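Below is one structure, written out as structure tokens; comments come after it.
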Amino acid sequence: MNGFKRNASGGFGINTKTVTAISLILVFSFILSSCGTGDTGADNGKLTIYTSFYVMYDFATKIGGDKVNVINMVPAGMEPHDWEPSPKDIAGLSGADLFIYSGAGMEGWVDKIVEAVNNKNLVVVETSKGITLRESSHSHAHEDGEANTGHFGDEYQYDPHVWLDPKNAKMQMKAIKDALVQVDGKNSGYYEENYNYYAAKLDELDRKYREAAKTFSRKEIVVAHAAYGYLCSAYGIEQIALDSITGGEPTGSRMKEIIDYIREHDIRAIFYDGISSSKTVDAIAAETGIRVAVLSAVEGLSAEDLKAGKDYFSIMEENLRALSEALQQGE
Amino acid sequence: MPEIFQYDFMINAFIVGILIAIIIPCIGTVVVLRRLSIMGDALSHISLAGVAAGLVFGINPILSAVVFAVIASLSIEKIRSKIPKYGEISTAVMMSFGIGLAAILSGFVSSANFNSFLFGSLMAINRFEKYLVICLAVVVLTVFILMYRALFYITFDEESARLAGIPVKTITIVFTVLTAVTISVSSRVVGTLVVSSMMVLPVAVSMQIAKSYKQTVVFSVLFSVFFVVSGLIFSFYLDLKPGGTIVMTGVISLVITLLAGKIPGSGRRKIALRGDD
Amino acid sequence: MHVLEVENLSFAYGENYILKDVSFTVEKGDFVGIIGPNGSGKSTLVKLMLKILTPESGKIRILGEDIRKFGEWSKIGYISQKANSFNSDFPATVNEIVGASLLASNGIFRRKPPDFSERVYNALKKVGMQDYGNKLIGRLSGGQQQRVFIARVLVAEPEIMILDEPTVGIDSKSEEALYCLLARLNEELGITIIMVTHDIGEISVHANKLICLGENGFTVHDTADPDSDRIISAIYGFSVNMQNRRCRNCDCMKRAGCD
Chain A
1 MNGFKRNASG GFGINTKTVT AISLILVFSF ILSSCGTGDT GADNGKLTIY
51 TSFYVMYDFA TKIGGDKVNV INMVPAGMEP HDWEPSPKDI AGLSGADLFI
101 YSGAGMEGWV DKIVEAVNNK NLVVVETSKG ITLRESSHSH AHEDGEANTG
151 HFGDEYQYDP HVWLDPKNAK MQMKAIKDAL VQVDGKNSGY YEENYNYYAA
201 KLDELDRKYR EAAKTFSRKE IVVAHAAYGY LCSAYGIEQI ALDSITGGEP
251 TGSRMKEIID YIREHDIRAI FYDGISSSKT VDAIAAETGI RVAVLSAVEG
301 LSAEDLKAGK DYFSIMEENL RALSEALQQG E
Chain B
1 MPEIFQYDFM INAFIVGILI AIIIPCIGTV VVLRRLSIMG DALSHISLAG
51 VAAGLVFGIN PILSAVVFAV IASLSIEKIR SKIPKYGEIS TAVMMSFGIG
101 LAAILSGFVS SANFNSFLFG SLMAINRFEK YLVICLAVVV LTVFILMYRA
151 LFYITFDEES ARLAGIPVKT ITIVFTVLTA VTISVSSRVV GTLVVSSMMV
201 LPVAVSMQIA KSYKQTVVFS VLFSVFFVVS GLIFSFYLDL KPGGTIVMTG
251 VISLVITLLA GKIPGSGRRK IALRGDD
Chain C
1 MHVLEVENLS FAYGENYILK DVSFTVEKGD FVGIIGPNGS GKSTLVKLML
51 KILTPESGKI RILGEDIRKF GEWSKIGYIS QKANSFNSDF PATVNEIVGA
101 SLLASNGIFR RKPPDFSERV YNALKKVGMQ DYGNKLIGRL SGGQQQRVFI
151 ARVLVAEPEI MILDEPTVGI DSKSEEALYC LLARLNEELG ITIIMVTHDI
201 GEISVHANKL ICLGENGFTV HDTADPDSDR IISAIYGFSV NMQNRRCRNC
251 DCMKRAGCD
């Protein structure tokens, strides 16, 4: 507060001029900082890619390798459904070459952000385009072609978690590869090579799942949220969800239904995604005496998981182990 | 034994719900009669901000909610006693601060977690919460019973109370802290939106029929327990969210008692008529 | 021992001296009226007597003790102006209100005294409200409520009763009854009464001492003094009609030897 000295007549030293000067400086710096940097990301010769959330980040990094700089928008530990981009994010996007997102309602904010960005050269990739979408278990009929917004299950018709089926993941990787080739043709060989490598890995993952599924003695899993539709339908599993709408606890009668179901079908584990609160599944597990297990929807990774070097593949392998434990033999 | 009681999670909901239903109107009667209902709202919102802060910084959200609420309540009380003119507006400012801060912080926190503090988590009470509520109930009831007479006097006529030698300042501070703790802990269980209603509705219904202060307190506890128990039962059999059902039961009850009061000859009058000398 | 001693009392709100060097004494059994035009500091004087305010200068002694050290406040009963404007929806019964006062004077955290109900009843009887024990305070008339507040004070067995404009908002019939009641308490129970009022006529009948506060000072004198009419008119700036003491048509006054 040292601008506030009293002057001889007893008034404060700060006068209108100073106030105006300070305000103008603040206003200008604000305007300047919110202007796009305008550089087209060719700082170190790498392409600048913005991805919406973790899975896209992982795929983009794998395909793009050391030719790209990938920036993930949804921070570690946050759920992509809840996240909203800030003006800073929009500004950053203006300086990007590629924007990669999943689509099918996963990122409700995409339309807004793409409109707001003033970069005609930005290539926007909706990786789920072309994938056959499943309806979400709580689909509401849309009245008038309302834009698909926000939360999965909220007003939403389709289950957006397409990448949980390795075959879909392959299509998404292909979309990314195609976009990279389009933007950076001279490295297309590099991108093709990476794509083929990971496509093979995905095929291998799919094979492992199919083999394991043959040994499952049960076909039902009880889950906190119905996020695993693609995974389940690919391998003949049925998901019984506590509540298919994210956020908000289930009602008492739903809890009872699930508990009864668990007891009647001798279910041994209840799954949740590992990042939301496990309170409800803990309560059900405590009452029925079963285990709580993690079945990740690979939506977001915590900072520790990232440090530990986990990625889509390692998590899907973990998922497979968890499923096998719950569904294989052993009465 | 009816179906509803065959499930642990419902029994926990009843235990915790009933305990909270007992203590909230004890606080609520004093708050409403001191014309401080807005304080209840303000503290719920501040608790929410506290929860958000706790979730963001990795501190137990109930603890941070309590800390925020206690600090806020003591500040409001201090302003009220020093500058009574600003008492109401400072409470309103505090409430807005709570809402604003909660909204900002909610951007950094998963909405599912956050929502569970708004709407409560009655269906998934864990051990920690159960024991916390039991301890809270014991403390609040004990203190309330001990301070019952003093609170009555202070609420009715603060100036006389002071002259009569009652330690008004101390009691007010203790009560304020108790209010803050009750609201913040209860918010975890029934949700901030429900807590404010539970402070006011049972008292409002009780005042329709009570014929003394003691009756006001007792009836508001009874009504509150009734709202919670029937709310839980309705929500279970009608597949509705428990928090909202409890509040709606209260609202419907209030409307019924108000209407019943209008029936001529029922002997119940809302408007106090002055008797003869 | 004087029951109340005020010596050179001065009090200012900001720069405004509302009381300057006021001095007077009150003896046991006095019925004192504090009168004066609006803004003359009557309520301020009362608040100083109750230690709600602190004086700029001067001394106050209550029951022989310096007010700053005085601790037996249950001996002082106070009926504030606000008693008329409390929240009338407040769901308290007459018994609860009087009872609370008894419990407070006994020690609010102590056990209830064994003769609790009896004492509450008796206090109500003294003011003629013993049949209203279970009634809600909000349902009573202004006069009745005022009597309950007096009972509230009585139950603590005070030596002094200080009232701040207790007749505001009360119809004249109740007002008369109130004065009679106070006079009776004063004469039969020996309670010293100090009352702030606007009504010079009424108070001069019952009071034996009048303290008149004004812009230019204050006067204290016996109501029996024939000069009082002139002196007080001077302070008020207009003629006040003081009636002769003890000449009112009231039962209690008849007992006291009124014509």
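Protein chains in written order, with this note's numbering: chain A, 1 to 331; chain B, 1 to 277; chain C, 1 to 259. Cβ atoms here follow ideal geometry from the backbone N, Cα and C, with glycine treated the same way. The structure displayed is predicted, hence computed values, not measured ones.
Item                                                                                                                             : Value
Partners in chain B for residue 179 of chain C, counting only beta-carbon separations shorter than 8 Å                           : What residue 179 of chain C touches in chain B: nothing, since even the nearest Cβ is about 14 Å away.
Rounded distance between the beta-carbons of residue 140 of chain B and residue 182 of chain B, thought under 8 Å                : 6 Å
Nearest to residue 297 of chain A (by Cα), restricted to the options A/21, A/213, A/53 and A/219                                 : A/53
Same chain, Cβ closer than 6 Å to residue 193 of chain A, neighbours up to 5 away in sequence not counted                        : none
Sufficient close CB pairs (3 or more, under 8 Å) joining the segment 176 to 196 of chain B to the segment 126 to 142 of chain C  : no
Residue 82 of chain A vs residue 110 of chain B beta-carbon contact at 7 Å                                                       : yes
Beta-ladder partner(s) of residue 149 of chain C, from DSSP                                                                      : Bridge partners of residue 149 of chain C: none, in fact.
Cβ of residue 207 of chain B within 7 Å of any chain C Cβ                                                                        : yes
CA nearest to the CA of residue 258 of chain A, picked from A/283, A/235, A/276 and A/277                                        : A/283
Contacts of residue 255 of chain A in chain B (Cβ-Cβ under 7 Å)                                                                  : 9 and 123
Contacting residues, own chain, Cβ-Cβ under 6 Å from residue 141 of chain C (five flanking each side not counted)                : none
Residue 252 of chain B versus residue 23 of chain B: straight-line alpha-carbon distance, rounded                                : 22 Å
Residue range of the beta strand (DSSP E) that includes residue 71 of chain A                                                    : 68 to 72
Exposure label - residue 157 of chain A; buried when at least 16 CB within 10 Å                                                  : buried
Listed by chain order, chain B residues near residue 96 of chain C by CB distance under 8 Å                                      : 152, 212, 213 and 214
In chain order, each beta strand (DSSP E) run of at least 3 residues that lies wholly inside the segment 60 to 139 of chain C    : 76 to 79
Helix, strand or coil at residue 16 of chain C according to DSSP, with G and I counted as helix                                  : strand
Burial state of residue 47 of chain A, where buried means 16 or more other Cβ atoms lie within 10 Å                              : buried
Reference residue 286 of chain B, options B/123, B/41, B/67 and B/77, closest by Cα                                              : Outside the displayed range of chain B (1 to 277) lies residue 286 of chain B, so it cannot be described from this structure.
8 Å contact criterion, which residue 72 of chain B and residue 43 of chain B should meet: CB distance rounded                    : 6 Å
Euclidean distance between Cα positions of residue 10 of chain A and residue 20 of chain A                                       : Bear in mind that the predicted position of residue 10 of chain A carries a pLDDT of just 47, short of 50, making it unreliable; the figure below should be weighed with that in mind. About 21 Å.
Under 8 Å (Cβ pairs) to chain A, residues found in the segment 79 to 103 of chain B                                              : none
Neighbouring residues, chain B, relative to residue 100 of chain C (Cβ below 8 Å)                                                : 149, 152, 153 and 156
Test: residue 163 of chain B CB closer than 7 Å to a CB of chain C                                                               : yes
For residue 222 of chain C, the residue or residues it bridges with in DSSP                                                      : C/209
Residue 212 of chain A versus residue 287 of chain A - alpha carbon distance                                                     : 30 Å
Candidates C/21, C/40 and C/30, of which the one nearest residue 4 of chain C by Cα                                              : C/30
Range of the contiguous beta strand (DSSP E) that encloses residue 47 of chain A                                                 : 47 to 51
For residue 280 of chain A, the nearest candidate out of A/15, A/216 and A/254 (CA to CA)                                        : A/254
Completely contained alpha helix (DSSP H) runs for the segment 80 to 137 of chain B, where each covers 4 or more residues        : 87 to 106 and 111 to 119
Element boundaries [alpha helix (DSSP H), containing residue 185 of chain A]                                                     : Per DSSP, residue 185 of chain A belongs to no alpha helix (DSSP H) and is neither H nor E.
Residue 79 of chain C beta carbon less than 7 Å from that of residue 149 of chain C                                              : yes
Own chain partners of residue 18 of chain C with C-beta closer than 7 Å, once the 5 adjacent residues on each side are dropped   : 11, 12, 41 and 44
Where the alpha helix (DSSP H) through residue 323 of chain A begins and ends                                                    : 312 to 327
Spatial neighbours of residue 95 of chain C in its chain, beta-carbon cut-off 7 Å, leaving aside the 5 residues before and after : 120, 133 and 134
Cβ shell of residue 278 of chain B (< 7 Å), same chain only, five flanking positions each side left out                          : Chain B is shown from 1 up to 277; residue 278 of chain B falls before or after that span and cannot be answered.
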